[in-house]
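J.: Just so you know, the sequences run in chain order Z and X. The opening residue of the first sequence carries number 425 in this note's numbering; numbering runs sequentially from there. The opening residue of the second sequence carries number 199 in this note's numbering; numbering runs sequentially from there. The structure is given below, and queries will be raised subsequently.
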Amino acid sequence: MDESGASPDAALVRLLLQNDVSAFEKLYDKYSRIVYSLVLRIVQQSGPAEEVVQDVFLQLWRNSARYDASRGPFVPWLLTLARNRALDTLRLKSERQRRLENQTDELYSVVVAPQYEKDLDEKRRAERVRSLVGELNPQQKRAIELAYFQGLSHSEIAAQLKEPLGTVKSWIRNGLIRLREGLQATT
Amino acid sequence: MYEAYALGTLDASERAALDAHLATGCAECAKAVAEARWLVSQLAYTAPDAGPSDMLKGRLMQRVRSEVRSASPERSATPGIPDWLSAGIAALLLITFYSAWTAYRAKEVLRASNERVAALTQEQRDAARQEVAAMEEQLVAVRRENAILTDPSAVKIMLMPQKIQAPELVAMCGKRGVVLTGQKVPMPSANHVLQLWFIPKTPGAKPMPSMSLRPDSSGRLLMVVAHPPDGVGEIKALAITEEPEGGSPQPTSAIRWMGAMS
């Protein structure tokens with residue numbers, strides 16, 4: 425926390441408003457790896473993945489005022505933005521359509537950490553989440569991956585896995601409940 | 199349901215139903231969705247670890263430095279002040295200046311008209327009196343606008359565009375009325391107007407219709423609502439929709455802008 429009580433990330437984002445390039449570089453160095461990992465997993469090709477990552481960080485640079493630290497932590501907000509951009513690329517959405525939606529859905533998305541969440545470094549956070557998702561049964565894990573990394577709807581997942589819609593909904597719901605409970609238990 | 203919404207797995211109709219509910223301002227569901235977004239965002243950590251090339255960082259930093267050098271108009275030139283706040287201040291300064299200028303002009307025209315009336319025939323006097331009456335009406339409107347803007351109890355509300363590409367609108371809302379303004383506002387479709395709605399705090403209560411108009415040819419929008427609903431304190435949000443000419447008793451289209459009373 426800085427003198428004003430803001431998190432270090434929020435303090436860096438605030439400096440972007442003053443065109444502070446070094447603050448931007450610090451945020452890039454800190455989070456470009458997880459953002460790239462996520463985007464590459466979605467778009468599957470390094471070239472387009474780098475384009476999306478560049479786009480995400482330029483959005484951050486140009487629209488940092490849209491991030492309101494009082495409404496949630498920075499990294500989940502950035503990851504939500506990155507996932508949406510990567511899925512847009514996957515779905516070949518037009519640039520115009522993306523611009524329209526970015527102005528509203530993504531930049532204004534509020535992401536709130538639940539009460540049980542505590543600050544963890546990125547490495548420990550990754551280990552914890554991977555371990556918990558690894559403990560899900562294979563169907564739950566597969567359905568959640570199709571939803572998160574491919575952006576498929578319940579119906580699309582049901583069609584792809586050739587399983588009843590209700591079953592797929594249950595897998596995803598129960599899987600996420602188990603993940604949430606696991607995160608609660610380990611914090 | 200909230201996790202499925204954040205994950206994006208809901209089908210279109212389910213998503214639309216929850217979107218509509220969230221648009222009513224349900225704080226409990228908004229919080230649940232925001233927490234679900236956090237949970238879903240954690241799934242990013244299951245992606246295999248990989249790093250971008252050094253060239254990407256080089257390109258990005260070069261781009262950012264060049265934007266700083268050229269002082270891109272996309273960024274606020276005022277350090278520490280968010281873009282939306284700068285836009286809000288600019289809009290309020292503009293309407294305050296506009297109001298003062300209009301009041302000055304109206305007074306001048308009024309004085310000149312009175313002088314002309316003294317030297318005219320009866321018929322000409324009647325026509326001139328009508329002109330004076332119109333001017334007096336305009337002056338009253340401007341004074342009302344100034345009264346709302348200078349009311350210390352009035353609160354400023356930013357109305358954010360909802361799934362449209364448009365600038366934010368700024369409203370000053372108080373017991374004396376509401377002044378709403380915007381610049382470069384997209385024109386509604388033919389035979390349609392932008393209509394203001396007051397969203398009551400009472401759960402399930404219907405939005406209350408207010409005035410409707412179109413922006414001028416330069417995209418400037420100025421609405422002055424002299425008689426807001428009784429008990430402005432019972433209003434939780436302002437919203438704008440596009441409605442057929444003449445306005446509607448209830449919204450018939452999606453919300454274009456919305457801003458909560460804080």
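Just so it is clear, CB atoms sit at the ideal spot from N, CA and C, and this is done for glycine as well. Note that the structure is a prediction, hence the values are computed from the model and not measured.
(1) Helix, strand or coil for X/V238, going by three-state DSSP, please let me know.
(2) Do the CB positions of X/V423 and X/L394 come within less than 8 Å of each other?
(3) Can you list, in chain order, the stretches of the beta strand (DSSP E) that have 3 or more residues and sit fully within the region 448-500 of chain Z?
(4) Just the C-alpha distance for X/T244 and X/Q381, rounded to the nearest angstrom, thanks.
(5) Give the single residue among Z/Q442, Z/K450, Z/K454 whose Cα lies nearest to the Cα of Z/K547.
(6) Is Z/A567 near Z/I601, with beta carbons less than 8 Å apart?
(7) Mapping the DSSP letters down to three states, classify X/Q448 as helix, strand or coil.
(8) Quick check: is the beta carbon of Z/T591 nearer than 8 Å to any beta carbon in chain X?
(9) Which residues, in order along the region 433-452 of chain Z, keep a beta-carbon less than 7 Å from a beta-carbon of chain X?
(10) In the DSSP assignment, find the beta strand (DSSP E) that holds X/L378 and state where it starts and stops.
(11) Identify the continuous beta strand (DSSP E) that holds X/G372 and give its terminal residues.
(12) So if I threshold CB-CB distances at 7 Å, which residues from the region 458-479 of chain Z count as touching chain X?
(13) For X/A214 and chain Z, any beta-carbon pair shorter than 8 Å?
(14) Could you run through the region 248-260 of chain X and flag, in chain order, every residue whose CB is less than 9 Å away from some CB of chain Z?
(15) According to the Cβ coordinates, are Z/V459 and Z/F498 closer than 8 Å?
(16) Using the C-alpha atoms, what's the distance from Z/L482 back to Z/L639?
(17) Given this structure, state the Cα-to-Cα distance separating Z/L411 from X/V377, to the nearest angstrom.
(18) Have a look at the DSSP bridge pairing and note the partners of X/K354.
(19) Thinking just about the alpha-carbon of each residue, which of Z/W501, Z/L511, Z/L441 is nearest to the one in Z/Q469?
(20) Compare the C-alpha of Z/V477 against each of Z/W501, Z/K450, Z/R507 and name the closest.
(21) How many angstroms separate the CA atom of Z/V467 from the CA atom of Z/T513?
(22) Rounded to the nearest angstrom, what separates X/Y200 and X/A234 at their Cα positions?
(23) Below 7 Å, is the gap between the Cβ of X/Y203 and the nearest heavy atom of the ligand FAD?
(24) List, in order along the chain, the chain X residues whose C-beta lies closer than 7 Å to that of Z/T504?
(25) Here's the rule: buried if 16 or more other CB atoms are within 10 angstroms of the residue's CB, otherwise exposed. What is Z/N443?
(26) Measure the alpha-carbon distance for Z/R520 versus X/A325 and round it to whole angstroms.
(27) So, for X/S465: in the same chain, excluding its five sequence neighbours on each side, which residues have a beta-carbon less than 8 Å away from its beta-carbon?
(28) Would DSSP call X/A204 helix, strand or coil?
(29) Taking only the alpha-carbon atoms, compute the straight-line gap between Z/L503 and Z/R515 and give it to the nearest angstrom.
(30) How many angstroms separate the CA atom of X/P359 from the CA atom of X/P365?
(31) With distances taken from CA atoms, which of X/P384, X/L436, X/G417, X/T379 is nearest X/P398?
(32) Per DSSP, what kind of secondary structure is Z/Y532 in: helix, strand or coil?
(33) To the nearest angstrom, report how far apart X/M385 and Z/A489 are at their CA atoms.
(34) So X/Q393 is in the beta strand (DSSP E); what residue range does that whole segment cover?
(35) Could you have a look at X/V383 and say whether DSSP puts it in helix, strand or coil?
(36) Check Z/K586 in the structure and name its three-state DSSP category.
T.: Put simply:
(1) Look at X/V238 here: in three-state DSSP terms it is helix.
(2) With respect to the 8 Å criterion, X/V423 and X/L394 are classified as neighbours on the basis of their beta carbons.
(3) You should have found no qualifying run.
(4) Rounded to the nearest angstrom, the two C-alpha atoms are 45 Å apart.
(5) Answer by Cα proximity: Z/K454.
(6) Z/I601 sits away from Z/A567, with the two beta carbons spaced by 8 Å or more.
(7) DSSP places X/Q448 in coil when its eight states are reduced to three.
(8) For Z/T591, the answer is no, since every Cβ of chain X falls outside 8 Å of its Cβ.
(9) Of all residues in the region 433-452 of chain Z, the ones placed with a Cβ closer than 7 Å to any Cβ belonging to chain X are L441, Q442, N443, V445, F448, E449, Y452, in chain order.
(10) Segment 375-380, the beta strand (DSSP E) holding X/L378.
(11) Taken as a continuous stretch (DSSP letters only), the beta strand (DSSP E) holding X/G372 covers 367-372.
(12) Per Cβ criterion, the list reads I458, Y460, S461, L462, L464, R465, E474, V477, Q478.
(13) So, not an interface residue.
(14) Answer set for the region 248-260 of chain X: A248, G249, P250, S251, M253, L254, K255, R257, L258, M259.
(15) Against a cut-off of 8 Å, the Cβ pair of Z/F498 and Z/V459 comes out as no contact.
(16) Coverage of chain Z is limited to positions 425 through 611, which leaves residue 639 of chain Z absent and any answer about it impossible.
(17) With chain Z represented from 425 up to 611, any question about residue 411 of chain Z goes unanswered, as that position is not in the structure.
(18) According to DSSP, X/K354 bridges with X/M370.
(19) Of the candidates Z/W501, Z/L511, Z/L441, the one whose C-alpha sits nearest the C-alpha of Z/Q469 is Z/L511.
(20) When only C-alpha atoms are compared, the closest one is Z/R507.
(21) Near 7 Å, if we compare the C-alpha coordinates of Z/T513 and Z/V467.
(22) When rounded, the distance between both Cα atoms is 6 Å.
(23) The ligand content of the structure shown is nil, which means the ligand FAD is not present either.
(24) Ordered by position in chain X, the residues that pass the 7 Å Cβ test against Z/T504 are R235, S239.
(25) Result: buried.
(26) Its pLDDT being 46, under 50, Z/R520 is placed unreliably by the model, and the measurement read from it follows with that caveat. Each residue's CA atom was taken as its position, placing Z/R520 and X/A325 some 54 Å apart.
(27) As shown, chain X starts at 199 and ends at 460. That puts residue 465 of chain X outside it, with no answer to give.
(28) Note: X/A204 maps to helix in three-state DSSP.
(29) Those two C-alpha atoms are separated by around 18 Å.
(30) One C-alpha to the other measures close to 7 Å.
(31) Relative to the Cα of X/P398, the nearest Cα in the group X/P384, X/L436, X/G417, X/T379 belongs to X/L436.
(32) Unreliable placement is indicated for Z/Y532, whose pLDDT of 49 sits below 50; the coordinate value is still reported in the next sentence. In this structure, Z/Y532 counts as coil in the three-state DSSP scheme.
(33) Cα to Cα, X/M385 sits roughly 27 Å from Z/A489.
(34) Start and end: 390-398.
(35) Under the three-state reduction of DSSP output, X/V383 falls in the coil class, being neither helix nor strand.
(36) Three-state DSSP puts Z/K586 in coil, outside helix and strand.
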